[in-house]
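Numbers 66 to 148, taken from this note's numbering, label the letters of the sequence shown in order.
Right, one structure below, let's go through it.
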Amino acid sequence: MEDISKELLDDLKRIFGGTETTPKYETISPHTKEKVSFTPADLVIGGGKIKDSKGNKFKPKKRKGKSLSDMVMSPSFGKVKRK
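If you want it as structure tokens, here you go:
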């Protein structure tokens, strides 16, 4: 197993060290320009990178905390995406 890099540890400390923590974060994929939700555990599992819906891996640059109320009150909550 790979050693955890200092950069990844610094990112995790920044996420967990905030005054307000949320279990879910949101960022924009640089490849598909879609919103991608992730948790700190997703960052650890992916070695500091997350995947968008097309499977493209990227390191989140700007992230925004998403609270449960934000997710429930969104217009797309509860809708099923069909292909």
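The beta-carbon is built from N, C-alpha and C at its ideal position, and this holds for glycine as well.
| query | Going by other Cβ atoms of all chains shown within 10 Å of its Cβ, with 16 needed for buried, is residue 74 buried or exposed? | reply | In the sequence shown, the residue the question calls residue 74 occupies position 9. It counts as exposed.
| field | residue 109 at chain C interface by Cβ criterion, 7 Å | value | Annotation note: the requested chain C is absent from the structure, which comprises a single protein chain.
| request: Rounded to whole angstroms, what's the CA-CA distance from residue 102 to residue 90? Just pull it up for me. | output: Your numbering for residue 102 matches position 37 in the sequence shown. Your numbering for residue 90 matches position 25 in the sequence shown. If you take the alpha carbons of residue 102 and residue 90, they lie about 6 Å apart.
| Which of helix, strand or coil does DSSP assign to residue 101? | Your numbering for residue 101 matches position 36 in the sequence shown. Residue state, collapsed to three classes: strand.
| Where do the ends of the alpha helix (DSSP H) carrying residue 135 lie? | For the purposes of this step, residue 135 is taken as residue 70 along the sequence shown, with counting starting at 1. Counting along the chain, the alpha helix (DSSP H) containing residue 135 begins and ends at 133-138.
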